[in-house]
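The structure appears below as C-alpha cells.
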Amino acid sequence: MIVAIASGKGGAGKTTVSASLAGVWSPPVIAVDLDVEEPNLHLFLKPEITGQEPAHMDVPEVDEENCTLCRACSDVCQFKAISVMGDVILTFPEMCHGCGACKAVCPEDVISYGKRLLGDILWGRTAGPEFLMGRLRVGEAMSPPLMRHVKVRLKDRLAETGADAIIDAPPGVSCPAVNAVMDADVIVLVTEPTPFGCYDLALAHQAFKNIGKPMGVVVNRAGLGEDAVYAQCRDAGLPILAEIPYDRTIAEAYSRGRIISEISDRFRHIFTDLAGGIRELASSDVARKEAFHA
Ligand code: SF4
Ligand code: SF4
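First residue of the sequence shown? That's 35 in our numbering, and the numbers climb one at a time after it.
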C-alpha cells in the first residue's frame, strides 16, 4: 500500500505525521520524502544514507549548421524552450519539460538530447523504515521530473521488498503535490482547526478528489482554534482518522527533531490508531470497487 501524507498548506504538520506514521507502521515500510524542493523528513527519521545518485532529464541540443530554421520545433513547443529568432535557433534548457515533441517534428533530424541535472536521489536506512528522498538542485525550477525519478526507484524497491510506502508530499495543490499523491492508495490530508486550515483543506480536497483515491483527515493541533473543520469534514464526507492535540510537549519534541510517536504511549497510540484507520479506509475502498464491478 502507498499512503500519501498531504496538506493544502505548509506548516500543517505533514512531515510530523509522516515521520511518526512511518515509525509505527508494520515493517517492511519505506518512508519517502517527495517534497524535493524542501525535504526535511530526514531531520526526524535521521537515516544512515547508504546511496546517492544524480538525476537528469533529456533536453534538446540542435546541430545549428544543419538546421534550416523551419520553426517546426518552436511552433510545437508549448513552453517556449526552443525558439527560432531571426537567423538563429535558441534553446532554453531550464524551461524544457522534456516532452520530446521538438525532436519528433524536426524534419532534418538535427535535434539530439543533452542532459540537465535535476538534483539527487538519496536512500538509506533507519532502525525502522527504509528511507528514500529527492533533493532538487539549487536553481532548478521544476520538481516533477525529479519526483518521477524518485518514484521509479520507489517502484523498484516496493517490487523487491513487498514493503508499504509512506510518502511525505509537497504542500499545496499545484503540480508537485498532485504528482506526489496520484499513485497513492490512500491520501491523508493534514490540517489544523483554524480558518487557514479549513480554507486549505477545502482546496486540497477539491484538487485531489478527482484522482478517485480514498481520503481521510488528520486534525493537527486539535483544540487550538475553532470547530468548523469538523463540520467541514462531515459535510465533505471526509473521515477524521486522527486528532493530534495542541500540546507543548509536541512542540518541544518537534524543535528537537524528535518523532511524536516516540514521546509517550499516549502519542504512540494516536499513530497506531491512525495506521489502523488508513488500512480500514483502503480495504473499504477495495470492497466498494469490488461491489461496483460485481
Ligand atoms: S522537449 Fe518539449 S518542452 Fe523541451 S524544448 Fe522540446 S518541445 Fe519544448
Ligand atoms: S525543426 Fe529542426 S530544422 Fe526546423 S528549426 Fe527546429 S531544429 Fe531547425
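Beta carbons: idealized from backbone N, C-alpha and C, even for Gly. Values in this document were obtained by computation on a predicted structure and should not be read as measured data.
**Request:** Closer than 7 Å by C-beta to M129: which residues in its own chain qualify, once you throw out the five before and the five after it? Chain order, please.
**Result:** Counting only Cβ-Cβ distances below 7 Å, and skipping sequence neighbours, we find F113, K114, A115.
**Request:** Note down the Cα distance separating D97 from V172, rounded to an integer number of angstroms.
**Result:** Cα-Cα distance, rounded: 29 Å.
**Request:** For E99, verify whether its CB is less than 7 Å away from any heavy atom of ligand 2.
**Result:** Incorrect: E99 has no Cβ contact closer than 7 Å to ligand 2.
**Message:** Using only CA atoms, which one of G153, M35, G132, K80 lies nearest to P62?
**Reply:** Checked all of G153, M35, G132, K80; the closest Cα to P62 is M35.
**Prompt:** Does the distance from the CB of V224 to the CB of A46 come in under 8 Å?
**Reply:** With contacts defined as CB atoms closer than 8 Å, V224 and A46 qualify as a contacting pair.
**Prompt:** Okay, do the region 136-154 and the region 168-184 touch, 3+ Cβ pairs below 8 Å being the bar?
**Reply:** Flag = yes, the region 136-154 and the region 168-184 touch.
**Asked** Hey, out of E174, S52, S146, whose CA is closest to I278's CA?
**Response** When only C-alpha atoms are compared, the closest one is S52.
**Request:** Can you tell me which of G250, Q266, G259, V263 puts its alpha carbon nearest to the alpha carbon of S318?
**Result:** Nearest of G250, Q266, G259, V263 to S318, Cα basis: G250.
**Prompt:** Would you report the Cα separation of G162 and T50, rounded to the nearest angstrom?
**Reply:** Approximately 16 Å, taken between the alpha carbons.
**Message:** Considering only the alpha carbon of each residue, which of H76, P179, S60 lies closest to D67?
**Reply:** Comparing Cα positions, the closest option is H76.
**Prompt:** Where does the unbroken alpha helix (DSSP H) through A262 begin, and where does it stop?
**Reply:** Start and end: 262-270.
**Asked** Considering only C-alpha positions, which residue in the set Y280, A236, T125 is nearest to G271?
**Response** The residue with the shortest Cα to Cα distance from G271 is A236.
**Asked** Is the CB-CB distance between E82 and R159 below 8 Å?
**Response** The beta carbons of E82 and R159 sit closer together than 8 Å.
**Asked** Relative to ligand 2, is the shortest distance from any of its heavy atoms to the C-beta of L103 smaller than 7 Å?
**Response** Answer for L103: yes, Cβ within range of ligand 2.
**Item:** In chain order, each beta strand (DSSP E) run of at least 3 residues that lies wholly inside the region 92-156
**Value:** For the region 92-156, whole beta strand (DSSP E) runs of length 3 or above, ordered along the chain, are 116-119, 122-125.
**Prompt:** With respect to 7 Å, is the separation between the Cβ of F113 and the closest non-hydrogen atom of ligand 1 below this value?
**Reply:** Indeed, a heavy atom of ligand 1 lies less than 7 Å from the Cβ.
**Request:** Would you check whether ligand 2 has a heavy atom nearer than 7 Å to the C-beta of E142?
**Result:** Between ligand 2 and E142, a heavy atom-to-CB distance of less than 7 Å is present.
**Asked** Can you tell me whether DSSP reads I284 as helix, strand or coil?
**Response** Helix, per DSSP.
**Item:** I304, DSSP secondary structure in three states
**Value:** I304: helix per DSSP, three-state reduction.
**Message:** Counting C-beta neighbours from all protein chains within 10 Å, is the total for Q86 16 or more, i.e. buried, or is it exposed?
**Reply:** The residue is exposed, with fewer than 16 neighbouring Cβ atoms inside 10 Å.
**Request:** Tell me whether the beta-carbon of R313 lies closer than 8 Å to the beta-carbon of V58.
**Result:** Contact: no.
**Request:** From the DSSP output, in three-state form, read off E296 for me.
**Result:** Reduced to three states, the DSSP call for E296 is helix.
**Asked** Bridge partners of M249, per DSSP?
**Response** M249 is bridged by DSSP to I221.
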